[in-house]
Ligand code: GUN
């Protein structure tokens, strides 16, 4: 049987470390780390994510400031809010929940965030720093993936890693992090030809295509480590629904370790956001 990588427990441990760091900062007379969370519109999934981010901040002692803007907010008004948050010394981290409504250019908004407060790691300066291995704030989900991998892999040097998915939020940054550890990294995506055979070579598979159960058991080399970033709600024949990842979870017994869905990568994302906020407040 493959080892299940317990994302909930690993995220809890990381959040405990973050809570201790916050308590130490306050004891040292430093400002309490502050995170501004901006939600434009009322996308139901975004509302859930933002609610979780705010409640987890409270648990570790981070001061959160929520800004909810109407779905028809003008881009200039959002940019004015970002400018005010950049200038506010009590705000150490700024997170603008994506996706944004169609009238707003997400790239322009992300560019406007002070890179030192960009706890999502999406600003071009932080993307550049990640690709040159020169520090900066690292996107939360890829950081969480690496922390999960670290629990089962000591030495990445020369391992074959296959990333499925080329998003700016997960696929590209996780590829950079694996490359930094000296893996041989292949970045694939939904249009990649011969994907099963490419995945079959991998010692590490990071599946982040948002395609439910795309990766079958016979694509996965015995002893590989599988990180499943996908989470999609699918309908069942009996009329109920269930959450599934990008990997066919019941076919992964021969893997060395796998992340469950839910309870694998998901909990790590918020825990890493909190850790990034403390990092931003300390630098
Ligand atoms: N929407 C989906 N994932 C993310 C994320 O990691 N950060 C932000 N800001 N929005 C998202």
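Numbering (my numbering), first residue to last: 17 to 299. Don't be surprised by glycine CBs; every beta carbon is placed ideally from N, CA and C.
Residue j beta carbon less than 7 Å from that of residue i
i	j	result
residue 19	residue 273	yes
residue 180	residue 225	yes
residue 259	residue 243	no
residue 66	residue 113	yes
residue 264	residue 133	no
residue 62	residue 70	no
residue 227	residue 262	yes
residue 146	residue 189	yes
residue 177	residue 199	yes
residue 94	residue 125	yes
residue 275	residue 120	no
residue 111	residue 53	yes
residue 117	residue 87	yes
Residue i burial status per 10 Å Cβ neighbour count (16 or more: buried)
i	result
residue 72	buried
residue 299	exposed
residue 40	exposed
residue 157	buried
residue 109	buried
residue 17	exposed
residue 60	exposed
residue 155	buried
residue 144	exposed
residue 206	exposed
residue 187	buried
residue 106	exposed
residue 280	buried
residue 251	exposed
residue 287	buried
residue 46	exposed
Contacts around residue i, its chain only, beta-carbon distance under 7 Å, and the 5 residues preceding and following it disregarded
i	result
residue 84	55
residue 284	23, 26, 27, 160, 163, 164
residue 216	235, 237
residue 290	31, 34, 72, 73, 76, 78
residue 182	188, 203, 205
residue 254	none
residue 257	249, 250, 251
Any non-hydrogen atom of ligand 1 closer than 6 Å to residue i Cβ
i	result
residue 113	yes
residue 136	yes
Per DSSP, the bridge partner or partners of residue i
i	result
residue 82	53
residue 177	201, 220
residue 15	Residue numbering for the chain in the displayed model covers 17 to 299; residue 15 lies beyond these limits and cannot be assessed.
residue 109	51
residue 20	274
residue 251	257
residue 231	263
Short CB-CB distance (under 7 Å) between residue i and chain D
i	result
residue 103	The question asks about chain D, but that chain is absent: this structure has only one protein chain.
Residues near residue i in its chain [Cβ-Cβ closer than 8 Å; skip 5 each side]
i	result
residue 38	48, 49, 76, 77, 78, 294
residue 223	180, 181, 230, 231, 242, 243, 244, 245, 246, 261, 262, 263
Own chain partners of residue i with C-beta closer than 6 Å, once the 5 adjacent residues on each side are dropped
i	result
residue 51	73, 78, 80, 109, 293
residue 137	153, 154, 155
residue 278	259
residue 141	131
residue 173	198
heavy atom of ligand 2 below 6 Å from residue i C-beta
i	result
residue 96	Ligand 2 is absent from the structure shown, which contains only ligand 1.
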